[in-house]
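Data first, discussion second: the structure below is written as structure tokens.
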């Protein structure tokens, strides 16, 4: 048997390299063609509740902008949509860079807002909330579980499953003096409350975490303060009317002196 020559081995290697290069160039061409085929879709194809994918394009203080395969500006190119930081998860998000990077692919984005005229799209990664109850379906003075929706200086708003959140005033959180509400409550916390007041016209509800005795005491105190304010206002009005009467009497006396 003859041994293969050095020349035939070299030719065989060259042939293999050429075949590999050809395969790679064909694959690149296919990828390029497939990319070219993916055209942006018109924004009117988007509907509320649609699930889409996107790529992180930019960070802002209030969320991130994602590149989506929908033509939001009417120029035939891919558009952008906003994922607000409040719509990323149920818990608060402080540092977006810990969760995302530029170029990160994000899947399963739910469309929650569309402005077709302006080409604006709002997205969410949070689960869709269950159907809201009407305010008259929420019982008074019955303990129910809620979720802290947002914290403000004077208390917190609690999501109790209604179409309006209930205000939990700072005075109804604890009988202790509260200097910093966030030491007691933060967004996303589960709390047990009872609704103490509802106003259908103003579309507002008030909640409490206190026991019934503490609530009764605060209610009595609040009514007393209202009466005191009303009395003070009445006394003030009475005082003004007396002053006005006195001023009129002085004017009449001055006029009579002028005539004499």
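Numbering (this note's numbering), first residue to last: 12 to 271.
Ideal Cβ placement from N, Cα and C applies to all residues, glycine included.
- Assignment of residue 236 by DSSP, reduced to helix, strand and coil, places it in the helix class.
- By the neighbour-count criterion, in which a residue is buried when 16 or more other Cβ atoms sit within 10 angstroms of its Cβ, residue 89 is buried.
- The alpha-carbon of residue 64 is positioned some 15 Å away from that of residue 50.
- Each of 183, 164 and 98 was checked against the Cα of residue 191, and the nearest Cα belongs to 164.
- Put simply, of 183, 181, 180 and 159 the residue whose alpha carbon is nearest the alpha carbon of residue 172 is 159.
- For residue 216, the enclosing beta strand (DSSP E) has its first and last residue at 215 to 219.
- Secondary structure at residue 187: coil, using DSSP grouped into helix, strand and coil.
- Under the three-state reduction of DSSP output, residue 121 falls in the strand class.
- Between residue 52 and residue 81, the C-beta spacing is below 8 Å.
- Spanning the alpha carbons of residue 116 and residue 141 requires a straight line of approximately 28 Å.
- If you draw a 10 Å sphere on the C-beta of residue 56, you find fewer than 16 other C-beta atoms in it, and that means exposed.
- By the C-beta criterion, the segment 120 to 131 is judged not to be in contact with the segment 216 to 225, since fewer than 3 inter-stretch pairs fall below 8 Å.
- In the DSSP secondary-structure assignment, residue 55 is not bridged to any residue.
- Under the three-pair Cβ rule at 8 Å, the segment 132 to 148 counts as touching the segment 94 to 107.
- With contacts defined as CB atoms closer than 8 Å, residue 170 and residue 157 qualify as a contacting pair.
- Comparing C-alpha distances from residue 205 to each of 168, 235, 119 and 129 shows the shortest one belongs to 168.
- Contact check for residue 178 against residue 215 passes: the beta carbons are separated by less than 8 Å.
- Here residue 116 is bridged, per DSSP, to 66.
- A Cβ-Cβ contact shorter than 8 Å links residue 83 with residue 54.
- Residue 147 carries a helical assignment under DSSP once its states are collapsed to helix, strand and coil.
- A distance below 7 Å between beta-carbons, with the five flanking residues on each side excluded, links residue 226 to the following residues of its chain, in chain order: 207 and 219.
- For residue 131, the enclosing beta strand (DSSP E) starts and ends at 131 to 135.
- Each residue's CA atom was taken as its position, placing residue 209 and residue 231 some 18 Å apart.
- DSSP lists 169 as the beta-bridge partner residues of residue 159.
- Per the DSSP secondary-structure output, residue 228 pairs with nothing in a beta bridge.
- Counted as a single uninterrupted DSSP element, the beta strand (DSSP E) harbouring residue 178 occupies residues 177 to 180.
- In this structure, the straight-line span from the alpha carbon of residue 148 to that of residue 69 is close to 43 Å.
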